[in-house]
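Residue numbers (numbering that gives the first Met the number 0): 0 to 224. Glycine included, every Cβ here is placed at the ideal spot set by N, Cα and C. Since the structure is predicted, the reported quantities are computational estimates derived from the model, not experimental observations. Below: the structure, in structure tokens.
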Amino acid sequence: MNSLADALIAVARRDMFSALRHRADVLTTLIFFVIVASLFPLGVGSDTALLRQIGPGVVWVAALLASMLALTRLFAGDYSDGTLEQLALSPHSLTLAVLAKIFSHWLASGFPLVVIAPLLGLQYDLNADAQLVLLGSLLLGTPVLSLIGAVGAALTLGVRGGGALLSLLVLPLYVPVLIFGAGAVEASAAGLGAGAHLSLLGALLLIALVFAPWATAVSVRIAVE
Numbered sequence: 000m001n002s003l004a005d006a007l008i009a010v011a012r013r014d015m016f017s018a019l020r021h022r023a024d025v026l027t028t029l030i031f032f033v034i035v036a037s038l039f040p041l042g043v044g045s046d047t048a049l050l051r052q053i054g055p056g057v058v059w060v061a062a063l064l065a066s067m068l069a070l071t072r073l074f075a076g077d078y079s080d081g082t083l084e085q086l087a088l089s090p091h092s093l094t095l096a097v098l099a100k101i102f103s104h105w106l107a108s109g110f111p112l113v114v115i116a117p118l119l120g121l122q123y124d125l126n127a128d129a130q131l132v133l134l135g136s137l138l139l140g141t142p143v144l145s146l147i148g149a150v151g152a153a154l155t156l157g158v159r160g161g162g163a164l165l166s167l168l169v170l171p172l173y174v175p176v177l178i179f180g181a182g183a184v185e186a187s188a189a190g191l192g193a194g195a196h197l198s199l200l201g202a203l204l205l206i207a208l209v210f211a212p213w214a215t216a217v218s219v220r221i222a223v224e
């Protein structure tokens, strides 16, 4: 058990150090998120009622697109240098190793989006309760985006034009996360309870945690064989 835990920690640390060495990629995702979310107030004007109405959806769409931008590098480097093949040949569980990689990917590319999102919410005149719900919905939803995206990234490994195919694969699966995430903030901003939407996001996270790492591991094995 200790050797398995050590192996998973080593995989996660390696990916985190790799992300720190390639800070430009992480910053690109974050800057893209900020720019997309900030363009809409400039385009639609200063009508606060309209901004409050469109704000949750805009921030969530920006987070979704930024998450997709980071997916292409989730396995590509390890696939090209043979690391994925070594993980597949390892006596340890490939499913858990993949889960460790997804967690590291989310920490590097998804968690910064969660942290900065409330600041972007100020542009849309969201109140304090809506800001907290926005933070909570992204904290539940962005890991789901990473888990689902990992399946698509593994399925498109080594495929020419994989980036476009990846978008086609994962975008339809992202729709429920987008609907419940933005819906939770909209319900809170309207004075309604956001508990139902957050519960559904939590259920999606649990389902993704159960099935996505296994499906990703199967896809990785197919890609390296």
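Practice task
Using three-state DSSP, classify V158 as helix, strand or coil.
Solution key: coil
Exercise for the section: For F198, count neighbouring Cβ atoms within 10 angstroms of its own Cβ and tell me buried if that reaches 16, exposed if not. Expected result: Checking the sequence shown, residue 198 turns out to be Ser, not Phe. Exposed, since its Cβ has fewer than 16 Cβ neighbours within 10 Å.
Practice task
Give the single residue among P40, T82, I34 whose Cα lies nearest to the Cα of V10.
Solution key: When P40, T82, I34 are compared, the shortest CA-CA separation from V10 is found for T82.
Exercise for the section: Can you give me the start and stop residues for the alpha helix (DSSP H) that Y78 sits inside? Expected result: 75 to 80
Handout entry: Cβ shell of W105 (< 6 Å), same chain only, five flanking positions each side left out
Key = P142, S145
Practice task
Run the CB neighbour count on M0, radius 10 Å, all protein chains shown included, and call it buried at 16 or more, exposed below.
Solution key: Residue placement at M0 cannot be trusted, given a pLDDT of 46 that sits under 50; what the coordinates show is reported in the next sentence. The residue in question, M0, is exposed, as its Cβ has fewer than 16 Cβ neighbours within 10 Å.
Exercise for the section: Using the Cα positions of V97 and T71, report the straight-line distance between them to the nearest angstrom. Expected result: 15 Å
Handout entry: Nearest residue (CA-CA) to L119, options A193, L168, L50, A23
Key = L50
Handout entry: Close Cβ partners of V223 (< 7 Å) along its chain, the five nearest in sequence each way excluded
Key = Sequence-distant partners of V223 (beyond 5 residues in either direction) whose C-beta falls short of 7 Å from its own C-beta, in its chain, are L83, E84, A87.
Handout entry: Three-way DSSP call (helix, strand, coil) for R22 in this model
Key = Three-state DSSP puts R22 in a helix.
Problem - Collapsed DSSP secondary structure at A4 in the structure displayed - result: helix
Practice task
Taking the CB atoms as reference points, tell me whether D14 and S103 lie closer together than 7 Å.
Solution key: yes
Exercise for the section: Spell out a yes or no on whether the segment 36 to 55 and the segment 108 to 128 are touching, meaning 3 or more CB-CB pairs, one atom from each, closer than 8 Å. Expected result: yes
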